[in-house]
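Okay, so here's the structure we're looking at.
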Amino acid sequence: MKVFVSYSSPEFTLAERLAYSLRDEGHSVFFDRASLPAGEGYDLRIREAVQGCNLFIFLVSPESVSHGSYALTELAIAQHKWNSPSGHVLPVIVTEVDLDILPPYLRGVTVLRPQGDPAAEIVAAVSEARRRRRRTLARRAVLLLAPIAVLGGASIYYAEDWLDHPKAVGQDLEPVTVHSSIGNSGWMLTFDIIADQPVKEIFYRFADEEAFKSTGHSQYRDRKTGLPAPRYSVEIPHLQGKRTLLVKYTDSTGGDNGPYTLTFDAREQLVAWTKEVLAVTENSWVAFRDYEGEVLLYFSHLLSYKNGFKEIRYSVDDESLSKLVHFVPDWSGPGAPGISDDDEIFVKVPVSSKFVYVKLIFIDGSEWPAKKFTVAQNRIGGKQRVMWPWSISS
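In this text, residue positions in the sequence shown follow the numbering used here: the first is 126, and each later residue adds one.
Here's what the structure looks like:
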């Protein structure tokens, strides 16, 4: 799941440890000081991260609920996204406070009060929330499939039976899938496993390797097995081209499952990851900045993901998309590409510019509809102007 951790400064150490633990469990975590690239607009990225998350964790302390705290600003964004906090917001008491001073929105759900290690109990609660979310999605799938099955003369048994047997009639969920992301030190592969029994340990290898390797274990215990929870993510320095990936696991009964054969297509995964990131950060694709009486149009955010693009096209104050952003793909390192002197980080545009159109074409040939970014009220002092996107076509 995509998780946002909201906290006040005194809880930084706990929030940082929580972020690492959740990532070990295979979650995608936005943790502000670690997740904000240098030079990005702070408020904008926070807002986009909250709007893009599946679960919002609020660490409750006297500081986080005090008037004027930034944590309350983040909570307000979450409240704007979800009218009801149920299933979306997890408040956690990390420093004792009077519950009466909690915002009414937080009092609308059960507040977690850790009795032992706060990070471990929060991780366990998030894992449970992920399981409930998956079961909810599965039930919805059953409800959608049932009428089709009846019309076709087939029959679907009880939803609980369907959920307990992933290979049952009416669904094609793979028991093991892999999701990837790219960081500065390489690829992060996250395994998603649908299993009848709790997973005890996960092993993987590429087809050209001889031995399976364990993904290792978290420092926290699985609530069902009492054993250290397996890591669902593993970092791989270099991945290019198509490779066959074999994954197997042992469950809590001692049973061996797999190996399951997956095809890892680096280009396909790179495009999927690039699209996922840009969908969440669409307000940050471009930025305007005043500089010594000129206006600079920045593409630095897009160029952070340049290896996923075939072309970045744009035009100013018209819909022609006649200009190309010049950039050079960078495969020199194991992870995210670096920005080089040959990359067109910014261009000068007329001070009178009203809007810019941007179109993204990816390395697999797919493309997104062009987006129009309109320049709003300019902010002085070289600060970024505010911009809002509208899609030109569907």
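Virtual Cβ for every residue (Gly too), placed ideally from N, Cα, C.
Fair warning: this is a prediction, and the values are worked out from it, not measured in the lab.
Rounded C-alpha distance that separates residue i from residue j
i, j, result
"Val236", "Thr350", "25 angstroms"
"Asp178", "Ala391", "Reading the sequence as shown, one finds Cys at residue 178 and not Asp. Approximately 25 angstroms, taken between the alpha carbons."
"Tyr195", "Leu215", "17 angstroms"
"Ile318", "Ala461", "27 angstroms"
"Thr340", "Lys496", "41 angstroms"
"Ser252", "Glu444", "46 angstroms"
"Val472", "Ile488", "23 angstroms"
"Met126", "Val248", "12 angstroms"
"Val222", "Val411", "42 angstroms"
"Gln365", "Asp347", "34 angstroms"
"Gly490", "Asp455", "19 angstroms"
Environment of residue i [buried if 16+ CB atoms lie within 10 Å]
i, result
"Tyr416", "exposed"
"His205", "exposed"
"Gly380", "exposed"
"Arg170", "buried"
"His152", "buried"
"Asn408", "buried"
Helix, strand or coil at residue i according to DSSP, with G and I counted as helix
i, result
"Trp312", "strand"
"Ala245", "helix"
"Glu136", "helix"
"Gly458", "coil"
"Asn408", "helix"
"Ser131", "strand"
"Thr388", "strand"
"Asn179", "coil"
Under 8 angstroms between C-beta atoms of residue i and residue j
i, j, result
"Ser440", "Tyr374", "no"
"Leu352", "Ala244", "no"
"Ile464", "Tyr423", "no"
"Gly433", "Glu360", "no"
"Val303", "Thr315", "yes"
"Ile218", "Arg238", "yes"
"Leu200", "Pro229", "no"
"Gln322", "Thr378", "yes"
Beta-carbon contacts of residue i that lie in its chain and below 6 angstroms, excluding the five residues immediately before and after
i, result
"Asp468", "Leu428, Phe452"
"Phe129", "Phe155, Ala174, Val175, Cys178, Phe181"
"Val476", "Val420"
"Ala332", "Thr369"
"Asp149", "Ser343, Arg356"
"Val301", "Ile318, Val372, Tyr385"
"Arg142", "Ala244"
Cβ-based neighbour list, residue i, same chain, cut-off 8 angstroms, excluding 5 preceding and 5 following
i, result
"Ser85", "Beyond the ends of the chain as shown, which are 126 and 519, falls residue 85; an answer cannot be given."
"Thr479", "For clarity, residue 479 is Lys in the given sequence; the question names Thr instead. Around Lys479: Asp442, Thr499, Val500."
"Trp398", "Ser305, Ser306, Ile307, Gly433"
Residues near residue i by beta carbon distance below 7 angstroms, same chain, minus five either side
i, result
"Thr220", "Ser186, Pro187"
"Glu436", "Leu449, Ile486"
"Val402", "Tyr430"
"Ser447", "Ser440"
The ligand GTP heavy atom lying under 7 angstroms from the CB of residue i
i, result
"Thr220", "The ligand GTP is not part of the structure shown, which contains no ligands of any sort."
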